[in-house]
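Here is the structure we will look at.
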Amino acid sequence: MPFNCETCKDKGAIVDHIDDNGLAVYKRCLCATEKLFKNKLGLALFAATKLQKSGLEEFVDKNVFLRGSVEAFYAHLRYVVIYHGLNFYYQLVSDKQLLDVYLGKDPDIESIRHYLGPKLLVLQLGGNGYKNVALPGIVTEMVQSRLFENKPIWVFNTKELASDDLCYSETLSQIIDDYFQSIAIGKASKSASSKQASAPSFDVEQPKQLKSASKTANDIAADIAKNLK
Ligand SMILES: [Zn+2]
Numbered sequence: 003m004p005f006n007c008e009t010c011k012d013k014g015a016i017v018d019h020i021d022d023n024g025l026a027v028y029k030r031c032l033c034a035t036e037k038l039f040k041n042k043l044g045l046a047l048f049a050a051t052k053l054q055k056s057g058l059e060e061f062v063d064k065n066v067f068l069r070g071s072v073e074a075f076y077a078h079l080r081y082v083v084i085y086h087g088l089n090f091y092y093q094l095v096s097d098k099q100l101l102d103v104y105l106g107k108d109p110d111i112e113s114i115r116h117y118l119g120p121k122l123l124v125l126q127l128g129g130n131g132y133k134n135v136a137l138p139g140i141v142t143e144m145v146q147s148r149l150f151e152n153k154p155i156w157v158f159n160t161k162e163l164a165s166d167d168l169c170y171s172e173t174l175s176q177i178i179d180d181y182f183q184s185i186a187i188g189k190a191s192k193s194a195s196s197k198q199a200s201a202p203s204f205d206v207e208q209p210k211q212l213k214s215a216s217k218t219a220n221d222i223a224a225d226i227a228k229n230l231k
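My numbering puts the first residue of the sequence shown at 3, with every later residue one more than the last.
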C-alpha cells in the first residue's frame with residue numbers, strides 16, 4: 003500500500019532531532035499540519051483562493067461589516083485564519099445556520115448563545131434563500147449579543163444592507179451604521195502579474211458612534227438598550 007505521505011509514512015510526525023539522552027524528538031509533519039488547517043478552515047474556506055496578502059488580519063478584534071463577492075470574502079477569511087494560526091478561535095456561521103439552530107433543526111447546537119463563544123464570529127448573510135419572519139430578529143439578536151459581551155463580530159453581505167435583504171431590520175441597519183467599520187473587499191483574483199491584485203480595496207468607513215470618542219463596551223450596550231426601548 004502506498005502512503006499518502008511519503009515523508010512521515012502517514013504517522014503524522016517525523017523525527018526533528020535526537021536529544022542529549024539519545025531519544026528521538028518528533029515534530030508534526032507538514033501533512034498533519036495541513037489536515038489540522040483543513041479541519042479548522044472547513045470545506046468552503048479550504049477550497050477558496052489562496053491570497054498572498056489580505057490586510058483584514060488586523061481587524062479580528064473589531065466589529066466589521068464586509069461587503070463584496072462571496073468568493074473574495076472566503077479568500078480573505080482563509081488568509082486571516084491561516085495568518086492567526088491553529089489556536090485562533092473563530093467561527094463562520096451563515097444566517098441560515100442561525101435560523102436552523104433557532105428552529106431546533108440543528109442536532110448539535112442547542113441555542114444561538116453557542117455563537118457567543120468564539121473569539122471572532124463571522125456571520126455570513128444572504129444564505130437563507132426564502133423569507134422567514136423570524137430571521138431579521140435572530141440575526142439582530144446575534145449581533146447585539148456579541149456587542150453586549152464586547153466580543154467582535156464580522157458581518158458579511160454581498161452589498162450594503164438594505165430593506166430587500168431577507169435578514170434586514172431597521173435596528174440591525176442602525177447598529178451596523180453606528181458601531182461597525184465598513185470595509186469593501188476587492189476582487190480576490192489570482193494574478194501572477196501583480197502582487198497587489200489580491201489586496202482588498204481598503205475603503206474603511208469609521209462607524210458613526212465611534213468617530214468622536216471611543217466608547218467602552220458598557221456605553222455601547224447602554225446605547226443599544228436605549229434604542230430598543
Ligand atoms: Zn506526513
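Glycine included, each C-beta is placed from N, C-alpha and C at the ideal position.
Discussion item. Between the alpha carbons of Q126 and R148, how many angstroms are there, rounded?
Written reply: 15 Å
Worksheet entry | Neighbour flag for T51 against chain D, beta carbons, 8 Å | In the structure shown, chain D cannot be found, because there is only a single protein chain.
Practice prompt. Consult DSSP for D2 and reduce its assignment to one of helix, strand or coil.
Written response: Residue 2 lies beyond the residue range present for the chain, which begins at 3 and ends at 231; the question has no answer from this structure.
Worksheet item: How long is the line joining the alpha carbons of A186 and S113, rounded to whole angstroms?
Response: 31 Å
Worksheet item: By how many angstroms is the C-alpha of N152 removed from the C-alpha of G119?
Response: 12 Å
Discussion item. Could you compute how far the alpha carbon of V17 sits from the alpha carbon of N23?
Written reply: 15 Å
Worksheet item: Can we count A34 as close to ligand 1, meaning its CB is less than 7 Å from some heavy atom?
Response: yes
Discussion item. Can you check which of these residues, D167, I155, E162, N159, is closest to L1 by C-alpha distance?
Written reply: Because the chain spans 3 through 231 in this model, residue 1 falls outside it and cannot be assessed.
Worksheet item: Is the Cβ-Cβ distance between C31 and A50 less than 8 Å?
Response: no
Worksheet item: CB-CB under 6 Å to V62, same chain, minus the five flanking residues each way: which ones, in chain order?
Response: L122
Fill in: Local conformation of L105 per DSSP, three classes
coil
Discussion item. Within a Cβ cutoff of 7 Å, which residues of the same chain sit near K37, ignoring the five residues on either side of it in sequence?
Written reply: none
Worksheet item: Between T9 and ligand 1, is the CB less than 7 Å from at least one heavy atom?
Response: yes
Practice prompt. Taking V141 as part of the alpha helix (DSSP H), name the residues at either end of that continuous run.
Written response: 137-150
Fill in: Backbone CA spacing between T233 and G188 [nearest angstrom]
A query on residue 233 cannot be resolved here, the shown segment of the chain reaching from 3 to 231 and no further.
Worksheet item: Is F75 near S184, with beta carbons less than 8 Å apart?
Response: no
Discussion item. One question on the structure: do Y170 and M144 come within less than 8 Å of each other, judged by their Cβ atoms?
Written reply: no
Worksheet item: Pick from T9, H86, N134: whose alpha carbon is nearest that of L43?
Response: H86
Practice prompt. List the residues that DSSP assigns as beta-bridge partners of Y19.
Written response: For the sequence presented, residue 19 should be read as His rather than Tyr. In the DSSP output, where bridge partners are listed per residue, H19 has V27.
Worksheet entry | DSSP-derived helix/strand/coil call for L168 | coil
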